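Participant:
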Amino acid sequence: MIEAHNAVSPAIAIRDMNVAYHRKPVLWEVNLEIPNGTLVGLVGPNGAGKSTLLKAIMEMVPVVSGEIKIFGSTFRKQRSRVAYVPQRESVDWDFPATVLDVVMMGTYGRLGWCILPGKREKQRAREALAEVGIDHLQNRQISQLSGGQQQRTFLARALVQDADLFLMDEPFAAVDATTEKTIVDVLRKLQAQGKTAVIVHHDLHTVPEYFDYIVLLNMRIVASGPMATTFTQDNLQRTYGGRLTLLDEIAEAIRRRGSSG
Amino acid sequence: MIATLFATFQFDYNTRVVVTGTALLGLASGMVGVFLLLRKRALVGDAISHATLPGVAAVFLVATALGWNAKSLPILLLGAAISGIVAALFIVMLRAGTMLKEDAVLGIILSVFFGIGTALLRIIQQLPTGSSAGLESFIYGKTANMIAEDAYLIGGAALVVCSLTLALSKELKLLCFDTTFGQSQGWPMTLLDLVLMGAVVTVVIVGLQAVGLILMIALLVIPAAAARFWTHRLSKMLIIASLIGAVSSIAGSLASAYFPHLPSGPAIVIAAAILFLLSLFFGSIGGVLGQVVRRRSHRRETNHQHVLRGIYEILEARDRAPLQRGLLRSDEISVQALLGTRSWSLSHVRKILQQLVARDYVVAHSPELYTLTASGIRAAISATRQHRMFEFYLQHQAEISAAGLDRTADFAEHVFDDDMVAELEQIFASQLAPFEVPPSPHPIDGVGVPASFRGGAM
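Here the protein sequences line up with chains A and B, keeping their order. Taking the working numbering, I'd label the letters of the first sequence as residues 16 to 276. Taking the working numbering, I'd label the letters of the second sequence as residues 72 to 529.
(1) From this set, 244(A), 233(A), 147(A), which residue's C-alpha is nearest residue 256(A)'s C-alpha?
(2) When the Cα of residue 192(A) is compared with those of 55(A), 221(A), 97(A), 176(A), which residue comes out closest?
(3) Going along the chain, which residues of the segment 102-117 of chain A sit with their C-beta nearer than 8 Å to a C-beta in chain B?
(4) Leaving out five residues on either side along the sequence, give the residues of the same chain with a beta carbon under 6 Å from the beta carbon of residue 523(B).
(5) What number of angstroms, rounded off, separates the C-alpha of residue 122(A) from the C-alpha of residue 136(A)?
(6) Of all Cβ atoms in chain A, is any one closer than 8 Å to the Cβ of residue 142(B)?
(7) Do residue 427(B) and residue 378(B) have their C-beta atoms within less than 8 Å of each other?
(8) Can a CB atom of chain A be found closer than 8 Å to the CB of residue 436(B)?
(9) Determine which residues of the segment 302-327 of chain B have a Cβ less than 8 Å from any Cβ of chain A, and write them out in chain order.
(10) Residue 350(B) versus chain E: which residues are under 9 Å apart at the beta carbon?
(11) DSSP state of residue 488(B), grouped into three classes?
(12) Does residue 255(B) come within less than 8 Å of chain A when only Cβ atoms are used?
(13) Along the segment 149-161 of chain A, what residues have a CB closer than 7 Å to any CB found in chain B?
(14) Starting from residue 240(A), follow its DSSP beta bridges and name the residues at the other end.
(15) Taking 8 Å as the threshold, find out whether the segment 103-120 of chain A comes into contact with the segment 200-214 of chain A through three or more Cβ pairs.
(16) Using 8 Å for Cβ pairs, my map puts residue 343(B) next to residue 293(B). What's the rounded Cβ distance?
(17) Buried or exposed: which applies to residue 419(B), given that a residue is buried once 16 or more other Cβ atoms fall within 10 Å of its Cβ?
(18) Take residue 94(B) as the anchor and find which of 116(B), 350(B), 233(B) has the nearest alpha-carbon.
(19) So, helix, strand or coil for residue 319(B), using DSSP?
(20) Does the distance from the C-beta atom of residue 97(B) to that of residue 354(B) stay below 8 Å?
(21) For residue 99(A), decide whether its Cβ has a neighbour in chain B, counting only Cβ atoms nearer than 8 Å.
(22) Output, in chain order, the set of chain B residues within a Cβ distance shorter than 9 Å of residue 94(A).
(23) Does residue 526(B) get closer than 8 Å to chain A when you measure Cβ to Cβ?
(24) With distance defined between alpha-carbon atoms, name the residue in 390(B), 106(B), 497(B) nearest to residue 244(B).
(25) Exposed or buried, what is residue 77(A) when buried is set at 16 or more other beta-carbons lying within 10 Å of its beta-carbon?
(26) Measuring only between beta-carbons, confirm whether residue 275(A) sits less than 8 Å from chain B.
(27) So, does the segment 276-293 of chain B touch the segment 173-184 of chain B, judging by three or more C-beta pairs under 8 Å?
(28) Let me confirm a value: residue 500(B) is counted as buried when at least 16 other C-beta atoms fall within 10 Å, else exposed. Which label applies?
(29) First and last residue of the beta strand (DSSP E) that includes residue 435(B)?
(30) Can you pull out the residues from the segment 64-85 of chain A whose beta carbon lies closer than 7 Å to at least one beta carbon of chain B?
(31) I need the straight-line Cα distance from residue 134(A) to residue 502(B), nearest angstrom please.
(32) Does the beta carbon of residue 521(B) sit closer than 8 Å to a beta carbon anywhere in chain A?
(33) What did DSSP end up calling residue 236(B) once you bin it into helix, strand or coil?
(34) With 8 Å as the threshold, decide whether the Cβ of residue 120(A) is near any Cβ in chain B.
(35) Taking residue 150(B) as part of the alpha helix (DSSP H), name the residues at either end of that continuous run.
(36) Using a Cβ cut-off of 9 Å, pull out every chain A residue sitting near residue 109(B), in sequence order please.
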């Protein structure tokens, strides 16, 4: 299947990328290629830089060096083909909005400045809510949602973007079993439509079941490739076991020198 | 109120223009305040408004030295704008460039700028030529000192801010709710943040004369906060906050016109505070009164379910459990029998029974003897059925021990909404016929041998 797509550009291709936050290196020399049409699990310990990698792909954090290509071109040019699902805890769910309001935010990018969503956008948002199985909650206040329902709302918001590449930051974190199953179903459906999804994931037990491609990250890419050959005990050991204290210390030293000098 | 409004129109032209100008200011302030509040930047607005004082005083000194009309509003507001913007830049720089946290940064900027402003004001007061009377109105607000031209300026600026905020409402909503997501769609979030802060600075500056720099924050925050008690929708919140802002401003400036010694700022704030208190108590969303009423009716409903289930369980223990169909009345139940089913007082049980009589769930044959009506039977069956389904769920899926079942179910089941009940029904759909009451999974206090120990568990 990967061979069949060889003619088209990979969904993501990163070369020699270094990323720093406030001069502190977070990602070192990332080289990564994500083939089209794969479901990718992005796995690594806390502080490994998983969220940062997603944000770097979307040019939301300053990249010190290196090159990122999305479908063979820059993110800026391909932006409309990318949908992002941030971490659920990153927003305040007491915000005065309904589920439908939030899902319609997915259409804002298409609408452009000052134009409010209309009937068509509302219809599309309802369809997306049906896809994640909470269309009955469309007028519910988002403050009254359970964790799983919040996550489905975010997923629906990404679906209305009709993207080809989905970047999801921990969509499975602290959700109920039904929601987990729904998300997996949606991911499979996306893959069947030829879409690509990169998903930050924490539960190693379900990794081989949910994804067919894996990226193991710990401040640098430890390994990446098809699940069968890459999800090995040895690679996991290298990702989670040996803590790279020296890299940590160097990063801290660079930061300190940066702020004092 | 209407008489007051009529009185307004009998005021001279100048007063009418001033009141209209401040009303527009309140409108803009309420609207911008909603986004400021949702962006969680209310205190930045406060710091900026305090930071305008040195600008006003410095411009006054310079203009006096140059022999210009130092009391011209546009000149003074220009000074306010400059020092407000400088303060905003300092806030951004200190926040990003040092390890200081936002609250410390705001505390420093607010007090230092205000301190410098106060010192300059003292110098002005000691000048032989300069009377600083006009400047005091910038601290506490004085609409009575305003002339029509000032009001045009204020009203015009407020209208510009309102239109800008409305035109960008979708973008600002994204900024306030989910900045990273907006960024991923390519919206220039930093620019939108600047637009919002620019709108706030504009409202603060043109509001100085009417509200005063100390209290300006109130007109930004209070209407928006009050509006939150009435709606969960952003669009409605914008409308309500604008109205509260406008009404407070009108009331405050009128009060200031009636009582020449009352500064308009405090008057506006008091008016807004009254509207806030009304919202806090009577607001339909999370208002105190609504909460009390909801809690009361919830407690009532809980009591009703307990008594209905109690009656059902007593009848069930006598093998006389009423069925869904074909019964007009259940067997009689004595108050004494009910009293044994849980720890409640006689008067409490009687009170609940009376409420159930009023709901036509129960008929009283004597003060001691009651029967369920047909609708009471339905309600009792559904209460018992739901309780037991939940108990089975707790026992088998949550693995809570039989001893704690009744209490746990009691504690949790009364928050059920229709969705949760439906979910429970779905789980047991294959095991239970509609309206069938499963046997209790544990012995029931006060009613004798439970049916389940004779009939076997599910």
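Built from N, CA and C at the ideal position, the CB exists for glycine as well. Just so you know, these numbers come straight off a predicted model, no measurement behind them.
Facilitator: Reading off the structure:
(1) Residue 256(A) sits at position 241 when you count from the first residue of the first sequence. Relative to residue 256(A), the option among 244(A), 233(A), 147(A) whose CA is nearest is 233(A).
(2) On the first sequence, position 177 is the one that residue 192(A) refers to. The shortest C-alpha separation from residue 192(A) is found at 221(A).
(3) Of all residues in the segment 102-117 of chain A, 105, 106, 107, 110, 111, 112, 113, 116, 117 have a Cβ within less than 8 Å of some Cβ in chain B.
(4) Within the second sequence, numbered from 1, the residue matching residue 523(B) stands at position 452. At residue 523(B) the pLDDT is 46, less than 50, meaning the model places this residue with poor confidence; the figure from the coordinates comes in the next sentence. Excluding positions up to five away in sequence, the list reads 510, 511.
(5) Locating residue 122(A) in the first sequence gives position 107, where the first residue counts as 1. Locating residue 136(A) in the first sequence gives position 121, where the first residue counts as 1. About 7 Å.
(6) For the purposes of this step, residue 142(B) is taken as residue 71 along the second sequence, with counting starting at 1. Answer no: the Cβ-Cβ gap between residue 142(B) and chain A never drops below 8 Å.
(7) On the second sequence, position 356 is the one that residue 427(B) refers to. On the second sequence, position 307 is the one that residue 378(B) refers to. Yes, Cβ-Cβ distance for residue 427(B) and residue 378(B) is below 8 Å.
(8) In the second sequence, the residue the question calls residue 436(B) occupies position 365. Not one chain A Cβ lies under 8 Å of residue 436(B).
(9) For the segment 302-327 of chain B, residues whose beta-carbon sits nearer than 8 Å to a beta-carbon of chain A comprise 302, 303, 304, 305, 308.
(10) The structure shown has no chain E; the protein chains it does contain are A and B.
(11) In the second sequence, counting from the first residue as 1, residue 488(B) sits at position 417. The answer is coil: DSSP assigns residue 488(B) none of H, G, I, E or B.
(12) Position 184 of the second sequence, counted from the start, is the residue given in the question as residue 255(B). So, interface residue.
(13) Contact annotation: in the segment 149-161 of chain A, residues whose CB is within less than 7 Å of a CB in chain B are 156.
(14) Taking the first residue of the first sequence as position 1, residue 240(A) is located at position 225. As computed with DSSP, residue 240(A) is found in a beta bridge with 229(A).
(15) As far as the Cβ criterion goes, the segment 103-120 of chain A does not touch the segment 200-214 of chain A, which means the pair count is below three.
(16) Residue 343(B) sits at position 272 when you count from the first residue of the second sequence. Residue 293(B) sits at position 222 when you count from the first residue of the second sequence. Going by Cβ atoms, the distance from residue 343(B) to residue 293(B) rounds to 4 Å, so yes, they are a contact pair.
(17) In the second sequence, counting from the first residue as 1, residue 419(B) sits at position 348. Counting of Cβ neighbours within 10 angstroms places residue 419(B) among the exposed residues, the total staying below 16.
(18) As a working note, residue 94(B) is residue 23 in the second sequence. Closest in C-alpha terms to residue 94(B), from the list 116(B), 350(B), 233(B), comes 233(B).
(19) The sequence position of residue 319(B) within the second sequence is 248, counting from 1. Helix at residue 319(B).
(20) Your numbering for residue 97(B) matches position 26 in the second sequence. Your numbering for residue 354(B) matches position 283 in the second sequence. At the C-beta level, residue 97(B) and residue 354(B) stay beyond 8 Å of one another.
(21) The count along the first sequence starts at 1 and reaches residue 99(A) at position 84. Yes, because at least one Cβ of chain B sits closer than 8 Å to the Cβ of residue 99(A).
(22) As a position in the first sequence, residue 94(A) is number 79, starting the count at 1. Those within 9 Å of residue 94(A) in chain B are 255, 256, 257.
(23) If you number the second sequence from 1, residue 526(B) lands on position 455. Caution is warranted here: a pLDDT of 40 is assigned to residue 526(B), below 50, making its placement in the model unreliable, and no coordinate value can be reported.
(24) Start at 1 with the first residue of the second sequence, and residue 244(B) comes out as number 173. Of the listed residues, the one whose Cα sits closest to residue 244(B) is 106(B).
(25) Numbered from its first residue, the first sequence carries residue 77(A) at position 62. Exposed, since its Cβ has fewer than 16 Cβ neighbours within 10 Å.
(26) Sequence index remark: in the first sequence, residue 275(A) carries index 260 (1-based). Confidence at residue 275(A) is low in this model, with a pLDDT of 48, below 50, so the placement of that residue should be treated as unreliable; the coordinate-derived value is given next. Not an interface residue.
(27) As far as the Cβ criterion goes, the segment 276-293 of chain B does not touch the segment 173-184 of chain B, which means the pair count is below three.
(28) One-based indexing of the second sequence puts residue 500(B) at position 429. With a 10 Å radius around the Cβ and a threshold of 16 neighbouring Cβ atoms, residue 500(B) comes out exposed.
(29) Looking up residue 435(B) in the second sequence gives position 364. Where residue 435(B) is concerned, the enclosing beta strand (DSSP E) stretches over 433-435.
(30) Of all residues in the segment 64-85 of chain A, only 73, 75 come within less than 7 Å of chain B when Cβ atoms are compared, listed by chain position.
(31) Locating residue 134(A) in the first sequence gives position 119, counting from the first residue. Locating residue 502(B) in the second sequence gives position 431, counting from the first residue. Their backbone Cα atoms lie some 43 Å apart in a straight line.
(32) If you number the second sequence from 1, residue 521(B) lands on position 450. Residue confidence is low: residue 521(B) scores 47 on pLDDT, short of 50, so the model does not pin down where it sits. Its coordinate-derived value is still stated next. Cβ-Cβ to chain A under 8 Å: no for residue 521(B).
(33) Translated into the one-based positions of the second sequence, residue 236(B) becomes position 165. Of the three classes helix, strand and coil, the one that applies to residue 236(B) here is helix, per DSSP.
(34) For this step, residue 120(A) is matched to residue 105 along the first sequence. Yes - at least one Cβ of chain B is within 8 Å of the one on residue 120(A).
(35) Here the question's residue 150(B) lines up with position 79 in the second sequence. It spans 144-168 - the alpha helix (DSSP H) in which residue 150(B) sits, taken as one unbroken run.
(36) For this step, residue 109(B) is matched to residue 38 along the second sequence. Neighbours of residue 109(B) on chain A, chain order: 107, 110, 111.
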